[in-house]
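Only one structure is covered here, and it is reproduced in the block below.
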Amino acid sequence: MDITIILDYLIRGLSLGSVYAIIALGYTMVYGIAKMLNFAHGDVIMVGGYICFFAMSGLSGNFEEGSMAATVVPAVAGTLAAMVVCTILGVVIERLAYKPLRQASSLAVLITAIGVSYFLQNAALLLWSSNPKVFTPVTGRGSLQVGPLSVSYVTLLTIAACIIIMLALTAFTSKTKMGKAMRAVSEDKGAAQLMGINVNATISLTFAIGSALAAIAGVLYMSAYPTLTPTTGSMPGIKAFTAAVFGGIGSIPGAMLGGLLLGIIEIFAGAYISTQLQNAIVFAVLIVVLLVKPAGLLGKMVQEKV
Amino acid sequence: MSRIPKEPTKLVTVPSPNKIPERDIDKSPILECQHLGIDFGGLSAVKDFNMAIGRTEIAGLIGPNGAGKTTVFNLLTKVYQPTRGTILLDGVDTHNMNTVQVNKAGIARTFQNIRLFNNLTVEDNVKLGLHNHIGYGMWSGIFRLPSYWREEKVAHERAMELLSIFDMGYLAKYKAGSLPYGAQRKLEIVRALATNPSLLLLDEPAAGMNPSETAELMENIVKIRDTFGIAILLIEHDMSLVMGICEGIAVLNFGQIIAKGTPDEIKNDPVVIEAYLGKKKEA
Amino acid sequence: MNRILHMKKSTRSSLFTYTLVIVAYVVIQLLRAFREGGVGSVLEGQLVPICAYVTMALALNLVVGVSGELSLGHAGFMSIGAFAGCSVAAALQNTVTLDPLRLALSMVLGAVIAGFFGFLIGVPVLRLNGDYLAIVTLAFGEIIKSLVTNIYLGVDADGPQFSFLSNNNQLGEGGIELIRGPVGVTNSERIATFTAGFVLVLVALFIIFNLVNSRTGRAIMAARDNRIAAESVGISVTKYKMIAFVTSAALAGAAGTLYGCGQVTFTATKFDFNTSILILVFVVLGGLGNMWGSVIAAAALTILPEALRQFADYRMLVYAIVLILVMLATNNPTLWNFIARIREQRQEKKEGAK
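Protein chains in written order, with my numbering: chain A, 16 to 321; chain B, 7 to 289; chain C, 1478 to 1831.
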């Protein structure tokens, strides 16, 4: 076994894992605060991908071919546009579909989330057709040569983005007032309300952050796997959801760890065992982990008080 | 259907309390706890808990909030596994048993925060208590074999009989979750009794009841003991109830027994008074 | 009439469900026999799938509604039943020539195999709680899909041949390829009929109603309502959750066989996460624990998208919006209070009239 090849797989795994981690953060934050599985989260990624795609293709004509500006400006603008649209989308979805169901059973909320997911997919189908769009990587197609190892810019950007987001989120939840409010609401909604925290605003904020992260993840995912269709978001969505559970749903470092591990396992399983069974292996690992640690790697077990 | 009817004037006659003759024969205790203890993390919630309960004794477990009374119940019923010590039920060590097996061995309980099967009827709740005494299996149920009809009929009759202890027969068809609070507490006792226990654990049976309801409950607890010839251990804050019907009382504070004795002894024990009211200021 | 009114609520509801299914069957059969064009080509093609989905919904309702556990991978059991059952049906083609008998045998086998997998999966899964259980069932559904996609199964005079990942089977003269990996199963003859589907639905109803209204069913519901209390009265929660789960998996397996044997061809990707979700939608819209609701929801929601074919582009969008609105409406406390008030007024009037 060649160490370069292993290293190459590892980096690819880290990159894929970083995308999963960013998506999983959205899942886990929403779960922590609203105690709901937001199945529409994966489709927000898809919307982010489309918005970025159209913004980029709209802008790229205005720049000189091959210049630095021709890659950077559309990419940055596209990403920002995707973030803005997804943030608004996330908050609107929460207001219209989830907020009325605060008191309803978790199953009712789950089905509604599935409804929202269908809605987004089919709206995308009507708006943008089922013909796949080919996404141009936001970093261009170049790669960095490190000795025998060739690492694409997308990979580097993805891993960097993941680290920055992780640090920023940790700082946000532990240092800022709003971040602390978020943690308080996820711990005990009623008590948080009594302490004067605006629960509804906090939940909206969580959806906003989660959706903005989904947009970033969408752009990064599309840059690595450039075929864009209305159902593109569901598989990374399910995987990221798995990653969140894997790490312990509700836990931010857990989502990060789960995402990274899942990405690495997926790439290595595909490389050394079988590409056809790649997904089966990923899910099998999840099951094994949950059997050993029923609340995920970093999750804490809450025991019912008798 | 949604509204619960008012209680009718005495539909069923209460079986008269008949003292079980064996009561005074077997003097060995039904339950014996030796050096029982449990730690949560570093905290010892219960330590060195020793207690013996006679076969037809009504015993009380009292103590300030957070003293570890419910934890003792959870240890006895194996909701928690004890860290130390042994529990002997009728001389048998329950060490390897889980909650289900402990119940089959003869301990039944009620809960401080009522735990009924809210979406099922009152009758079904009692039938669930009878579950292990209903003698037909899954296939007989699916194919409605004769054993199904026979056993269900017996179970129905037994359930109604048990409900009549608290004159609750008229509520049989209502959902347990729709009952008023007091009735829910009583139903929990009936359900526990249905499992045919030799020791019944009651966790704050009088909580939320008014004085007249409490008085009725006291009568019924004694009646249950006399009719079924079983031991009862109860946790209660209502001192009139505890002092009124308990034959032996243990006082728990910070997870440890600080006093044991008859109601009169406990009433006048300075340690107990201190635990409840705090230390007298040194003059 | 009076007797019906005084029946136990559960008896009344099961009687209603049986009647509903039988009437629907009779009406459809009459239409098919006497009306020109029968029930229309769209519905005609959907009759067997409808029965399969109704059975699936009933099976899943047993787990989600009665047992109170969320399963997001039930299509996996349908898949196992479809592939196992249809393989058996094809393999027995020359041995058992009577079609209904062969179908029945295949369904039983499909059910047994799916039930066995239900047990295998249930052992680890039922130890988990709530959302964790849901995600693990989802994972199992995906694993089953991946595995089945890579199975190659054939049979010839020397017996069955099996290979995994790539097709290494060398079938002799007259051999039949039963499962062909990603291509799935190709049926030379479709033996599943509407009548067979109807019988399966009746069997499923019979099993579920009788199970639920028995000692076992009570224990399953007790475990759902309050796990700790159930254990405190000597009911083994895991055992009864397992009974519900395995029964449900077996019924789903039979439904899968029915579905598969009614298709010209099908692949493992047919039974993916989306199918699991679709069935869950039937169950939730029909009402948790409400069997006739499941029957109606499954039938209606299977026909609806087909009937809306002319609005091809918009139909799924409309479906999504309807789904969201129904969930919002049914979970709206104001609406429920309103309905309850009207009911109360009616009752008071009735009592006043007496």
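Where a beta carbon is used, it is the ideal one built from N, C-alpha and C, also for glycine.
Item to complete: Examine chain C for any beta-carbon lying closer than 8 Å to the beta-carbon of ASP244/B, and answer yes or no.
Response: Answer no: the Cβ-Cβ gap between ASP244/B and chain C never drops below 8 Å.
Fill in: Interface residues of the segment 1633 to 1653 of chain C facing chain A [CB-CB below 8 Å]
For the segment 1633 to 1653 of chain C, residues whose beta-carbon sits nearer than 8 Å to a beta-carbon of chain A comprise LEU1642.
Practice prompt. Name, in chain order, the residues that DSSP records as bridge partners for LYS148/A.
Written response: Partner(s): LEU243/A.
Discussion item. Let's see if you can read the secondary structure: which residues bound the alpha helix (DSSP H) around CYS1563/C?
Written reply: First-last of the alpha helix (DSSP H) with CYS1563/C: 1551 to 1568.
Worksheet item: So which residues on chain E does ASN1814/C lean against when the C-beta distance must stay under 9 Å?
Response: Checking the listed chains, one finds no chain E in this structure; the protein chains it contains are A, B and C.
Worksheet item: If we count the other Cβ atoms within 10 Å of its Cβ and call it buried at 16 or more, is TYR282/B buried or exposed?
Response: Residue environment: TYR282/B is assigned as exposed (fewer than 16 neighbouring CB atoms within 10 Å of its CB, all protein chains considered).
Item to complete: Determine which residues of the segment 45 to 65 of chain A have a Cβ less than 7 Å from any Cβ of chain C, and write them out in chain order.
Response: The residues in question are LEU52.
Worksheet item: With a cut-off of 8 Å, does the C-beta of PHE222/A fall near any C-beta of chain C?
Response: Residue contact check for PHE222/A against chain C: no CB pair falls below 8 Å.
Fill in: Against chain A: residues of the segment 1785 to 1798 of chain C by CB proximity under 8 Å
Interface annotation for the segment 1785 to 1798 of chain C against chain A: ASP1790, TYR1791, MET1793, LEU1794, TYR1796, ALA1797, ILE1798, criterion Cβ-Cβ distance under 8 Å.
Item to complete: Mark LEU1507/C as exposed unless 16 or more other C-beta atoms lie within 10 angstroms of its C-beta, in which case mark it buried.
Response: So LEU1507/C counts as exposed.
Worksheet item: Terminal residues of the continuous alpha helix (DSSP H) containing SER1845/C?
Response: The structure shown does not extend to residue 1845/C, since chain C is modelled only from 1478 through 1831, so no value can be given for it.
Worksheet item: Name the chain C residues that come within less than 9 Å of TYR176/B, Cβ to Cβ?
Response: Taking a Cβ-Cβ cut-off of 9 Å, TYR176/B has no neighbours in chain C, whose nearest Cβ is about 16 Å from it.
Item to complete: Compute the Euclidean distance between the alpha carbons of PRO21/B and ARG121/B, then round it to the nearest angstrom.
Response: In this prediction, PRO21/B has a pLDDT of 42, which is less than 50 and means its spatial position is unreliable; nothing more can be read from the coordinates.
Worksheet item: From the beta carbon of MET166/B, is the nearest beta carbon of chain C less than 8 Å away?
Response: Not a single CB atom of chain C sits nearer than 8 Å to the CB of MET166/B.
Practice prompt. Check MET210/A in the structure and name its three-state DSSP category.
Written response: Three-state result, MET210/A: coil.
Discussion item. With a threshold of 8 Å between beta carbons, is TYR42/A in contact with chain C?
Written reply: It does not: the Cβ of TYR42/A has no partner Cβ on chain C nearer than 8 Å.
Item to complete: Rounded to whole angstroms, what's the CA-CA distance from ASP1633/C to GLY1649/C? Just pull it up for me.
Response: Annotation: ASP1633/C to GLY1649/C spans about 6 Å, alpha carbon to alpha carbon.
Discussion item. Suppose you measure from the CA of ILE48/A to the CA of CYS67/A; what does that come to, to the nearest Å?
Written reply: So the alpha carbons of these two residues sit roughly 28 Å apart.
Discussion item. In the DSSP output, which residue or residues are listed as bridge partners for GLY252/A?
Written reply: Under DSSP, no beta-bridge partner is assigned to GLY252/A.
Worksheet item: Identify the residues that DSSP records as bridge partners of VAL98/B: which are they?
Response: Per the DSSP secondary-structure output, VAL98/B pairs in a beta bridge with LEU95/B.
Practice prompt. Note down the Cα distance separating ALA189/B from GLY1737/C, rounded to an integer number of angstroms.
Written response: Here the C-alpha atom of ALA189/B lies approximately 53 Å from the C-alpha atom of GLY1737/C.
Worksheet item: Can you name the residues that DSSP bridges to LYS181/B?
Response: Residue pairing by DSSP places LYS181/B opposite THR127/B in a beta bridge.
Item to complete: Would you kindly check if the distance between the Cβ of ILE113/B and the Cβ of CYS39/B is under 8 Å?
Response: Going by beta carbons, CYS39/B and ILE113/B fall outside the 8 Å limit.
Worksheet entry | Minimum length 4: unbroken alpha helix (DSSP H) runs contained in the segment 35 to 111 of chain A | The qualifying runs are 56 to 75, 83 to 108.
Worksheet item: Taking Cβ-Cβ distances below 9 Å as the criterion, which residues of the segment 105 to 119 of chain A are in contact with chain C?
Response: Cβ contacts with chain C come from LEU111, ALA112, PRO115, LEU116, GLN118, ALA119.
Practice prompt. Using a Cβ cut-off of 8 Å (strictly closer), state whether ALA1616/C contacts chain A.
Written response: Proximity of ALA1616/C to chain A, defined by a Cβ-Cβ separation below 8 Å, is satisfied.
Worksheet item: Using the beta-carbon count (16 or more within 10 Å), is ARG115/B buried or exposed?
Response: Within a 10 Å sphere around the beta-carbon of ARG115/B sit 16 or more other beta-carbons, which makes this residue buried.
Worksheet item: The alpha helix (DSSP H) with GLN1506/C in it runs from where to where?
Response: Looking at the DSSP string, the run of the alpha helix (DSSP H) that includes GLN1506/C is 1486 to 1511.
Worksheet item: Can you name the start and end residues of the alpha helix (DSSP H) that ALA1726/C belongs to?
Response: That run of the alpha helix (DSSP H) goes 1714 to 1738.
Worksheet item: Does the beta carbon of LYS181/B come closer than 8 Å to any beta carbon on chain C?
Response: With respect to chain C, the C-beta atom of LYS181/B has no partner C-beta closer than 8 Å.
Worksheet item: In three-state DSSP terms, what is ASP1576/C?
Response: Assignment of ASP1576/C by DSSP, reduced to helix, strand and coil, places it in the helix class.
Worksheet entry | Beta-bridge pairing of LYS1826/C - partner residues as DSSP gives them | Paired residue(s): none; LYS1826/C is not in a bridge.
Discussion item. Let me make sure I understand the geometry here. Which of ARG231/B, ASN125/B, VAL98/B has the alpha-carbon closest to that of LYS179/B?
Written reply: The residue with the shortest Cα to Cα distance from LYS179/B is ASN125/B.
Worksheet item: Below 8 Å between beta carbons: does that hold for LYS1718/C and SER1548/C?
Response: At least 8 Å separates the beta-carbon of LYS1718/C from that of SER1548/C.
Worksheet item: Does the beta carbon of ALA114/B sit closer than 8 Å to a beta carbon anywhere in chain C?
Response: By this cut-off, ALA114/B is an interface position.
Worksheet item: Under the three-state reduction of DSSP, which class applies to LYS266/B: helix, strand or coil?
Response: In the three-state DSSP reduction, LYS266/B falls in the strand class (E or B).
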